[in-house]
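In the numbering used here, the protein residues as written are 1385 to 2110.
Structural data, given as structure tokens:
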């Protein structure tokens, strides 16, 4: 027996928490796995569960059947691993040649079957639709709850009908959606064992939030006490990203096992703001004031530190000469002031940096050591909450089977979770635990419910759903920081129109850097596998090794992360002969160019490079799950480089032809219907002062931020970084 994706009610929705916040206890549960008998069905082997199989109950036939959540395939008989589960061998490497036309195809050419194809494996089975006795929930796997058309298309208005005596609450249907969870994956990986992450718990997440806030406060105080400056804007967030690239510790957020201890990212950004923070200058008087402040701060810093006589002499002479020039010349232009400031920086900068080096290294080291201590404390508390503490198990090498990618599974079972309260304020879902409230708009709350239903296998009755949603929202809130509009640049996304073209023209079905909050596809990698896995995450991208598939990558603009990303891309492309394609979106920083961009431009896998001009394209806000619709998009204030890295098979299948590139470029242009509401530049509600004082990814922006042009290369508040995953 089989069922297509439009008419199947799987066995994972026994009791559903509806988007209205109430558990459906009226009427029969929406699940074929709920039987009228009292006998419990035997569990399937772990191998079949990992391949997506579950045992369900057919009300119409009054007997059990077996359903595969990954392929939407249904069978009456017990599936045989490697035979009926087509997902276990998408490339046909482990199965005998099929009869008929397929027998002449090679391994790499054998057709990949999807849920709509008739038959699977060497046997064919008659496919019949399962007509549910109750309406299909919008969160039911396989059911398309609303249109996945372009983002400006309104969902059709439902025709009012007379409710049944005991109906389920009416599902919330967003008028506008920014995702398409019906796209099936073409990403193929080697099967991997469950991960040993500790399952999320609201108590631990609350304690982690308090410790991270405390660590941020320590960073702020150290910068003030030792250097007399505010910490660079969002440098703490980028420090978390940069550390996780190399961190071997066990905490999902706090770094605890990194080498080297001194963070290059944090060190570079603090040093860039010494002796004062430089900002983008627009007017002559601003340039004059900034020049005076720099000279005064450099002289004061040299006078208050132990430095060599030569350094003291050079800095004081240049600072005093600049102040005398300012007193004498009142007719200088803005360009004169900027030239003088650049000269002063060149003369004094090396001496000031040498003086501050040890102090800034001390700041970086202190923050890391505190993070290690907080991580140790959290893990001890977390282990005490588990009913069965994890034991060290020798990891057996996985079978060399190829499977379509599936969400990360946790080896450690989740203990009972405390109650989380849910209520709605207009169009916003509010979840509260011990007085700590997190919010998400109702559309994205419904999206999380869909992702959870697609991906979670240990909570069929949604008993842990609200607790896990609270942990998810709290984790990303803590990651971004509590400042106004802080962190949204770390989770920006491509416009929906671009994703549609990537899928239609280049076969893209997977995002390398995403989160459950901003993903477009249901297949994505993200930063936090311990909590994101319940909502579809395939784990951190740097530990994700696909054999084939077409991928989109729009990484957070952290230089260390982007460099590690390029290394991973080239390794994967070099090792696979199957079709493999990566389409990468990175900022076109040229002053100087970033190492990652240089490496990709010189890569032997580069098939094409497309440059999108600044201010002529847009991105989706990183706060899309909570912001207003009119604030959803913003103009990019810097150019974006789109690079196509593909092996030969990937180039043959998804070649960047002129026609495809023209459609992609057109999709990137701001929509006329949104032009009047676009925030330009940067995400919505970003104050101009915040943009002007944004921290710089490297020395490249010290000069560019002072220049009079509009190429604000390093403004993190306006960077369209796509979604955390390291």
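Quick reminder that beta carbons are idealized off the backbone N, C-alpha and C, glycines included.
Bounding residues of the beta strand (DSSP E) (the contiguous stretch that carries residue i)
i, result
"residue 1451", "1447-1452"
"residue 1964", "1964-1971"
"residue 1442", "1437-1442"
"residue 1656", "Per DSSP, residue 1656 belongs to no beta strand (DSSP E); it is in the alpha helix (DSSP H), 1648-1656."
"residue 1457", "1457-1459"
"residue 1603", "From DSSP, residue 1603 is part of no beta strand (DSSP E) but of the alpha helix (DSSP H) over 1586-1606."
With 16 other Cβ atoms within 10 Å as the buried cut-off, status of residue i
i, result
"residue 2008", "buried"
"residue 1464", "exposed"
"residue 1533", "Any reading at residue 1533 must be qualified, since the residue scores a pLDDT of 35, below 50, and its modelled position is unreliable; no value is offered."
"residue 2050", "exposed"
"residue 1767", "exposed"
"residue 1601", "exposed"
"residue 1628", "buried"
"residue 1690", "exposed"
"residue 1692", "exposed"
"residue 1805", "exposed"
"residue 1765", "exposed"
"residue 1369", "Here the chain has residues from 1385 to 2110 only, and residue 1369 is not among them."
"residue 2022", "buried"
"residue 1641", "exposed"
"residue 1529", "Residue placement at residue 1529 is poorly supported in this model, since its pLDDT is 35, which falls under 50; the coordinates still yield a value, given next. Buried: at least 16 other Cβ atoms inside 10 Å."
"residue 1950", "buried"
"residue 1510", "Interpretation of residue 1510 is limited by its pLDDT of 35, a score under 50 that renders its predicted location unreliable; the figure taken from the coordinates is listed afterwards. Classification of residue 1510: exposed, given that the 10 Å Cβ count is below 16."
"residue 1828", "buried"
"residue 1943", "buried"
"residue 1819", "exposed"
"residue 1485", "Legend: pLDDT at residue 1485 = 39, less than 50; position of this residue unreliable, value from coordinates given subsequently. That one is exposed."
"residue 1906", "buried"
"residue 1876", "buried"
"residue 1839", "buried"
"residue 1598", "exposed"
"residue 1865", "buried"
"residue 2041", "exposed"
"residue 1895", "buried"
"residue 1735", "buried"
"residue 1439", "buried"
DSSP bridge partner residues for residue i (one or two, in chain order)
i, result
"residue 1894", "1935"
"residue 1794", "1579"
"residue 1805", "1816"
"residue 1825", "1812"
"residue 1921", "1908"
"residue 1974", "1977"
"residue 1572", "1788 and 1932"
Start and end residues, alpha helix (DSSP H) containing residue i
i, result
"residue 1915", "1913-1916"
"residue 1624", "1619-1630"
"residue 1786", "Here residue 1786 belongs to no alpha helix (DSSP H); instead the beta strand (DSSP E) covers 1786-1788."
"residue 1563", "Where residue 1563 is concerned, there is no enclosing alpha helix (DSSP H), given that its DSSP letter is neither H nor E."
"residue 1875", "Here residue 1875 belongs to no alpha helix (DSSP H), and DSSP marks it neither H nor E."
"residue 1699", "1693-1712"
"residue 1768", "1718-1769"
"residue 1858", "1849-1864"
"residue 1611", "First-last for residue 1611: undefined, no H or E at that position."
"residue 1846", "Counting along the chain, residue 1846 falls outside any alpha helix (DSSP H), and DSSP gives it neither H nor E."
"residue 1643", "Unbroken run through residue 1643: none, as it is neither H nor E."
"residue 1941", "Looking at the DSSP string, residue 1941 is not in any alpha helix (DSSP H), and its letter there is neither H nor E."
"residue 1635", "Taken as a continuous stretch (DSSP letters only), residue 1635 belongs to no alpha helix (DSSP H), as it is neither H nor E."
"residue 1430", "1430-1434"
What are the complete alpha helix (DSSP H) segments, minimum 4 residues, inside the stretch 1976-2064?
1979-1985, 2032-2037 and 2042-2052
Any 3 or more C-beta pairs closer than 8 Å across the stretch 1847-1859 and the stretch 1928-1942
no
Does the pairing of the stretch 2002-2019 with the stretch 1891-1903 give three or more beta-carbon distances under 8 Å?
yes
The stretch 1742-1758 / the stretch 1699-1713 touching (three or more Cβ pairs under 8 Å)
no
So, do the stretch 2025-2036 and the stretch 1956-1963 have three or more beta carbon pairs nearer to each other than 8 Å?
yes
Write down every uninterrupted run of the alpha helix (DSSP H) in the stretch 1663-1690 whose length is 4 residues or greater and which is fully enclosed by it, in chain order.
1668-1688
Decide yes or no for the touch test of the stretch 1574-1581 against the stretch 1711-1724: beta carbon pairs closer than 8 Å, at least 3 of them.
no
Indicate whether the contact test is met: 3 or more Cβ pairs, each with one atom in the stretch 1559-1574 and one in the stretch 1734-1746, closer than 8 Å.
no
Can at least three beta-carbon pairs, one atom from the stretch 1612-1621 and one from the stretch 1845-1857, be found at a separation below 8 Å?
Counting C-beta pairs closer than 8 Å gives fewer than three between the stretch 1612-1621 and the stretch 1845-1857, which falls short of the contact rule.
Can at least three beta-carbon pairs, one atom from the stretch 1916-1928 and one from the stretch 1788-1802, be found at a separation below 8 Å?
yes
Does the count of Cβ pairs from the stretch 1648-1659 and the stretch 1616-1630 closer than 8 Å reach three?
Judged by Cβ distances under 8 Å, the stretch 1648-1659 makes contact with the stretch 1616-1630, as three or more pairs qualify.
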